[in-house]
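Visitor: Below is a structure I'd like to ask you about.
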Amino acid sequence: MKKIFQYIMLAVVTIVMASCTSDIEETTATTGKSNVQLVVGEFPAFGDSQTRAIGTTDEGKTSWAEGDELLLEMTSNTLGTKYAAFKYNGSNWELASGELSYKEDEVPTFPHVYYAPNYKWEAGKLVLKEGKAAGTDEYIEGTAQITPNGEAITVSFSNATRNYSRLRIATNYSEDITVTVSNFSPGNTVALTDNTYTLTPDNNGNVYLYGHFTVQTSIGIKLKEYSLLNYTFRESTIDGKSYALDANVVFADNMEAEDLGKTIKEQLDAGKTNIKLILASDAGENVFAIIKDALYGGTAGSINLSLIGCKEIPTKGLSNWDGKLDALKSIYLPDITRIGVEGLAYCVYLEEINTPNVTSIHENAFGGCTNLQKITFGELTEVKGLSHDYDGILDPGVDTERINLVLSENQKVMTKNRQGNEYFWTPTKEYYKGSVEYDIPSFLEYKFNSVSFKK
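Numbering (mature numbering (1 follows the signal peptide of the UniProt record, and there is no 0)), first residue to last: -18 to -1, 1 to 437.
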């Protein structure tokens, strides 16, 4: 007599959500001769970020939401391995693709259960969906098992381990931002790659990246043509933890003087320490004077200032000879090409100067900045002033052997010339990288703690 096998076909299944602290509402679906129930535990939200205060507070995803998908792999002796995707409709989970089936007198196992929104099953493997990029959403593996009586399959993410960290980028605009990341392992991958993402902020102005960020990882953030932030990690992130960068910015290019000063004061009063201003390309002495006045009285060495869009720091434009810029801790000048005489002089609490596109620097530009630890230059073609003399760009009083210098990969060795009473430096044809000076390392006759390069 021909033996007839009974199979359980999980073609249409309702999955109910289970809270760790509340009773489970049992919803079943009849399939053949058996009632099968799938139970999904709580969503494994990220823990609090030590930097969550940056930007608009946002814990990110904390619970299952309509449109979420789960990807299940099930294996049984007779029918082998099956793959399926289930989608949450706001109250129940429904089969979206694939199937799960097994012989009713066998106990199936579930080698893999994923919450990975960017991926889908294809020929038994997870592949990126069209238009999706690795590193822009979660990739969490949970567990699943069938109960001894075969009436339920439980899905849990309570012990899920994220082998990556999360970076939240806080913005205050709804427009897309461009994020360029170098030496980054996106999502669950291992290899370091360079990636460029176009990301749309959520309702709270936040975008997220998921992956491995190391001491080699650098991030650039742009809004339209404006560079909002360049950041290099100083230490590797820890898997399973959340971090944040502040890309909030104020468009001040058309502001009246009174409004500009008021805006900066409001940011200080709100406790903000990262202030980013987009200025007109021809911003002049009056604009910088307003900025100085507005920052006056801030806590010494507390403010990270970004001035975006402007092309030049005029003579004494941001000099701290009057003590109004004691609050300055770091300054980012992404579009500056020229820094005038004493442009940033005597900023005694300033630790970092980042001017990635500057080509011309004049006498005493950074003189008296006695706490400097890092400087980033563009490809310099004109430097005025004699090093270790009264008019060198890092004179007087700067201990350059404490400073880590970052130069353009295209930087040439500079040669010293004299014209009348003025010393100036111009590039030779020899690349600085690999030169005798680099081995010391010295530049413009100053000795530095280290010299590295950027593209």
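We treat Cβ as the ideally placed atom computed from N, Cα and C, and that holds for glycine.
(1) On the three-state DSSP scale, how would you describe Gly14?
(2) In the structure shown, what three-state DSSP assignment does Val433 receive?
(3) With the cut-off set at 8 Å, would you say Phe139 and Gly305 are in Cβ contact?
(4) Measure the C-alpha to C-alpha separation of Asp176 and Val365 and round it to an integer number of angstroms.
(5) Any contact between the region 150 to 157 and the region 97 to 111? By contact I mean 3 or more CB pairs, one from each, below 8 Å.
(6) State whether the region 285 to 296 contacts the region 249 to 261, with contact taken as three or more CB pairs (one from each stretch) at a distance under 8 Å.
(7) Is the region 159 to 171 close to the region 235 to 254, with three or more CB pairs under 8 Å?
(8) If you drop the 5 nearest sequence neighbours on each side, which residues of the same chain put their C-beta closer than 6 Å to that of Ala35?
(9) Which term fits Gln393, buried or exposed, when burial requires 16 or more other beta carbons within 10 angstroms of its beta carbon?
(10) Pairing CB atoms from the region 238 to 245 with CB atoms from the region 197 to 209, are three or more of them under 8 Å?
(11) Considering only heavy atoms of the ligand ATP, does any lie closer than 7 Å to the CB of Leu287?
(12) Taking buried to mean at least 16 other C-beta atoms within 10 Å of its own C-beta, is Glu8 buried or exposed?
(13) When you compare only the Cα positions, how much space is there between Ala47 and Phe348?
(14) Skipping 5 residues on each side, what residues in its chain have a beta carbon closer than 7 Å to that of Ile220?
(15) On the DSSP bridge assignment, give the partners of Glu334 in chain order.
(16) Can you tell which of Ile375, Cys329, Lys298 has the C-alpha that lies nearest to the C-alpha of His344?
(17) Considering Lys411, what are the terminal residues of the alpha helix (DSSP H) in which it resides?
(18) Taking the alpha carbon of Gly253 as the reference point, which residue from Gly266, Leu277, Thr44, Asn236 has its own alpha carbon closest?
(19) Could you pull the DSSP bridge partners for Met396 from this structure?
(20) Taking the beta strand (DSSP E) that Gly172 belongs to, which residues open and close that run?
(21) Is the beta carbon of Gly283 closer than 8 Å to that of Lys311?
(22) Tell me the rounded alpha-carbon separation between Ser163 and Lys436.
(23) Quick one: give me the first and last residue of the beta strand (DSSP E) that Asn256 is part of.
(24) So which of Ala234, Phe430, Leu191 has the shortest CA-CA distance to Ser369?
(25) Of all the options Cys329, Gln198, Asn212, Thr382, which has the alpha carbon lying nearest to the alpha carbon of Gln355?
(26) Report buried or exposed for Pro183, applying the criterion of at least 16 other Cβ atoms within 10 angstroms of its Cβ.
(27) Quick one: using the 10 Å Cβ neighbour count with 16 as the cut-off for buried, is residue 450 buried or exposed?
(28) Work out the CA separation of Ile313 and Glu334 for me, nearest whole Å.
(29) Thinking C-beta only, is Tyr101 closer than 8 Å to Leu54?
(30) Let me know if Thr180 comes out buried or exposed under the rule of 16 or more other beta-carbons within 10 Å of its beta-carbon.
(31) Tell me whether Thr178 is buried or exposed, calling it buried when 16 or more other Cβ atoms sit within 10 Å of its Cβ.
(32) Closest by CA to Glu88, which one among Glu133, Glu112, Ala98?
(33) Please name the residue, chosen from Ala98, Glu123, Thr125, Ala126, that lies closest to Ala115 on a Cα-to-Cα basis.
Guide: Let me lay it out:
(1) Reading the sequence shown from its first residue, position 32 is the one you call residue 14. Legend: pLDDT at Gly14 = 31, less than 50; position of this residue unreliable, value from coordinates given subsequently. Reduced to three states, the DSSP call for Gly14 is coil.
(2) Mapped onto the sequence shown, residue 433 falls at position 451. Strand.
(3) By one-based count along the sequence shown, residue 139 stands at place 157. By one-based count along the sequence shown, residue 305 stands at place 323. Going by C-beta atoms, Phe139 is not nearer than 8 Å to Gly305.
(4) Here the question's residue 176 lines up with position 194 in the sequence shown. Here the question's residue 365 lines up with position 383 in the sequence shown. Using only the alpha carbons, I get a separation of about 33 Å.
(5) no
(6) yes
(7) no
(8) Within the sequence shown, the letter at position 53 stands for residue 35. Note on Ala35: pLDDT 42, under 50, position unreliable in the model; no value is reported.
(9) Here residue 393 corresponds to residue number 411 of the sequence shown, with the count starting at 1. It counts as buried.
(10) With a cut-off of 8 Å, the region 197 to 209 and the region 238 to 245 do not count as touching, because too few Cβ pairs lie within range.
(11) Looking for the ligand ATP in the displayed structure turns up nothing, as the structure carries no ligands at all.
(12) For the purposes of this step, residue 8 is taken as the residue at position 26 of the sequence shown. In this prediction, Glu8 has a pLDDT of 33, which is less than 50 and means its spatial position is unreliable; what the coordinates show is noted afterwards. Glu8 should be labelled exposed.
(13) Translated into positions along the sequence shown, residue 47 becomes position 65. Translated into positions along the sequence shown, residue 348 becomes position 366. If you draw a straight line from the Cα of Ala47 to the Cα of Phe348, it is about 53 Å long.
(14) The residue given as residue 220 occupies position 238 in the sequence shown. Here the set comprises Ser147.
(15) Counting from one through the sequence shown, the residue named residue 334 turns up at place 352. Looking at the DSSP assignment, Glu334 forms a beta bridge with Ser312, Lys356.
(16) Sequence index remark: in the sequence shown, residue 344 carries index 362 (1-based). Looking at the Cα atoms, Ile375 is the closest of the given residues.
(17) Taking the first residue of the sequence shown as position 1, residue 411 is located at position 429. Run containing Lys411: none in the alpha helix (DSSP H); it sits in the beta strand (DSSP E), 404 to 413.
(18) For this step, residue 253 is matched to residue 271 along the sequence shown. Checked all of Gly266, Leu277, Thr44, Asn236; the closest Cα to Gly253 is Leu277.
(19) If you number the sequence shown from 1, residue 396 lands on position 414. Beta-bridge pairing links Met396 to Pro409.
(20) Looking up residue 172 in the sequence shown gives position 190. In the sequence as presented, Gly is not what sits at residue 172; that position holds Val. Element bounds for Val172: n/a, residue is neither H nor E.
(21) If you number the sequence shown from 1, residue 311 lands on position 329. If you number the sequence shown from 1, residue 283 lands on position 301. In this structure, Gly283 lies closer than 8 Å to Lys311 by Cβ.
(22) On the sequence shown, position 181 is the one that residue 163 refers to. On the sequence shown, position 454 is the one that residue 436 refers to. The sequence given here has Val at residue 163, not Ser. About 13 Å.
(23) Walking along the sequence shown from the start, residue 256 turns up at place 274. According to the DSSP assignment, Asn256 belongs to the beta strand (DSSP E) that extends over 256 to 260.
(24) Residue numbering aside, residue 369 sits at position 387 when the sequence shown is read from its first letter. Here the closest residue by C-alpha is Phe430.
(25) Here residue 355 is taken as the residue at index 373 of the sequence shown, counted from 1. Measuring from the Cα of Gln355, the nearest candidate turns out to be Thr382.
(26) The sequence position of residue 183 within the sequence shown is 201, counting from 1. So Pro183 ends up on the buried side.
(27) The chain is shown from -18 up to 437; residue 450 falls before or after that span and cannot be answered.
(28) On the sequence shown, position 352 is the one that residue 334 refers to. On the sequence shown, position 331 is the one that residue 313 refers to. Using only the alpha carbons, I get a separation of about 6 Å.
(29) Here residue 54 refers to the residue found at position 72 of the sequence shown. Here residue 101 refers to the residue found at position 119 of the sequence shown. No, these two residues do not count as a Cβ contact at 8 Å.
(30) Taking the sequence shown and counting its residues from 1, the one referred to as residue 180 is at position 198. Around the beta carbon of Thr180, fewer than 16 other beta carbons sit within 10 angstroms, so the residue counts as exposed.
(31) The count along the sequence shown starts at 1 and reaches residue 178 at position 196. Exposed, by the Cβ-count rule.
(32) By one-based count along the sequence shown, residue 88 stands at place 106. Here the closest residue by C-alpha is Glu133.
(33) Translated into positions along the sequence shown, residue 115 becomes position 133. When each option's Cα is compared against that of Ala115, the closest is Ala98.
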